[in-house]
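Here you go:
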């Protein structure tokens, strides 16, 4: 229904643009033109269509220089989406232990079936918080996410397995697989034929590269329709934030001028490969900042974290205990 209201068109005129209604009448209202200017539509988009309604969720569509359809939404729509995502995070945390157990039960299979490969990918998403990846971005930008990694992106020595690649926005990423069993499985997957790191063999003996659609379908089938790859990244970011509090505390004590929230966001952003602004807005649960920015809550949480993570150790028990604490913060 909203797309039917996208009846303002943009046409280039000299070094600028003019705007016309679908009737052919030129837009001359300064109020409408100022609203369009505030939408900050990229000048290299073509076939630009703008919504007449200033409050509509979908404000603009257009085709970018690479032929991809792009969208601009109302700021309130983004806020509503973020609120819904963080509200869903508690449900995700409740469903995760059973799904994690389900995935571990499948990675012990002998052959690289669809379920075994997708279970491994989900466990790595859970372990690292990496983006799932998109083939379109790999083809057009030569950037990678988890499902589009190739065997050349794995670095191995006697004790470690790392994923080294160029991620979104051309940021170099190097992520170590800390869990020994997961590291062994990734190394085993890299020994199979083909360029892609994650592949599976169907019942006819044909091999297939995994993509993000496969992973989301697997999550829907076995965890719930309301969850996706992106939830693992959001959950992982908030979990990592709690686990990082001892390092953040040391950084703040070394330089008291550093703020707790700012230091925490920068720490998590470096792990995600995001800017601090994106990390704060899209990945860290708002209730974490209520804890970090309130001295009494922060002190209690620090006591709990130091009990959970003695000497910065990381293992399954630490992760589960941290997630229990995270669920309590979210539910409060």
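Residue numbers (the UniProt record's numbering): 1 to 332.
Glycine included, C-beta positions come from ideal geometry on N, C-alpha and C.
These figures come from a predicted structure and were not determined experimentally.
Return yes when the Cβ of residue 329 is within less than 8 Å of the Cβ of residue 284, no when it is not. Position 284 of the chain shown holds residue 284. Position 329 of the chain shown holds residue 329. Not in contact: residue 284 and residue 329 (Cβ atoms no closer than 8 Å).
What residue range is occupied by the uninterrupted beta strand (DSSP E) comprising residue 61? The residue you call residue 61 lines up with position 61 of the chain shown. Residues 58-63.
Could you check whether residue 239 and residue 125 sit closer than 8 Å to each other, using their CB atoms as the reference points? Here residue 125 refers to the residue found at position 125 when the chain shown is read from its first residue. Here residue 239 refers to the residue found at position 239 when the chain shown is read from its first residue. It is not a contact, given that the beta carbons lie outside the stated cut-off.
By alpha-carbon positions, which one of 55, 286, 65 ends up nearest to residue 75? To locate residue 75, count along the chain shown from 1; it is residue 75. For residue 75, the nearest C-alpha among the options comes from 55.
Please give me, in chain order, every unbroken run of the alpha helix (DSSP H) with length at least 4 that falls completely inside the region 186-273. Counting whole runs of 4 or more residues, the region 186-273 contains the alpha helix (DSSP H) stretches 212-222, 229-243, 245-254, 260-272.
Under the three-state reduction of DSSP, which class applies to residue 41: helix, strand or coil? Mapped onto the chain shown, residue 41 falls at position 41. Looking at residue 41 - three-state DSSP - the assignment turns out to be coil, as it is neither helix nor strand.
Answer yes or no: do residue 208 and residue 195 have a C-beta to C-beta separation smaller than 8 Å? Along the chain shown, read from residue 1 onward, the residue named residue 208 stands at position 208. Along the chain shown, read from residue 1 onward, the residue named residue 195 stands at position 195. Between residue 208 and residue 195, the C-beta gap is not smaller than 8 Å, which leaves the two residues out of contact.
Where does residue 280 sit, in a helix, a strand or coil, going by DSSP? Stepping through the chain shown from its first residue, residue 280 is reached at position 280. Residue 280: helix per DSSP, three-state reduction.
CA-CA distance, residue 317 and residue 304? For the purposes of this step, residue 317 is taken as residue 317 along the chain shown, with counting starting at 1. For the purposes of this step, residue 304 is taken as residue 304 along the chain shown, with counting starting at 1. Each residue's alpha carbon lies about 14 Å from the other.
Looking only at C-alpha atoms, which of 25, 332, 184 sits nearest to residue 158? The count along the chain shown starts at 1 and reaches residue 158 at position 158. Per the Cα distances, 184.
Distance check for residue 228 and residue 39, CA to CA, integer angstroms please. Against the chain shown, residue 39 aligns to sequence position 39. Against the chain shown, residue 228 aligns to sequence position 228. So the alpha carbons of these two residues sit roughly 29 Å apart.
What separation, rounded to the nearest whole angstrom, lies between the Cα atoms of residue 48 and residue 12? What you label residue 48 is simply residue 48 of the chain shown in a count that begins at 1. What you label residue 12 is simply residue 12 of the chain shown in a count that begins at 1. The alpha-carbon atoms of residue 48 and residue 12 are separated by roughly 11 Å.
Counting pairs of Cβ atoms below 8 Å between the region 81-101 and the region 214-227, do you hit three or more? Using a C-beta cut-off of 8 Å, the region 81-101 makes contact with the region 214-227, since at least three inter-stretch Cβ pairs fall below that distance.
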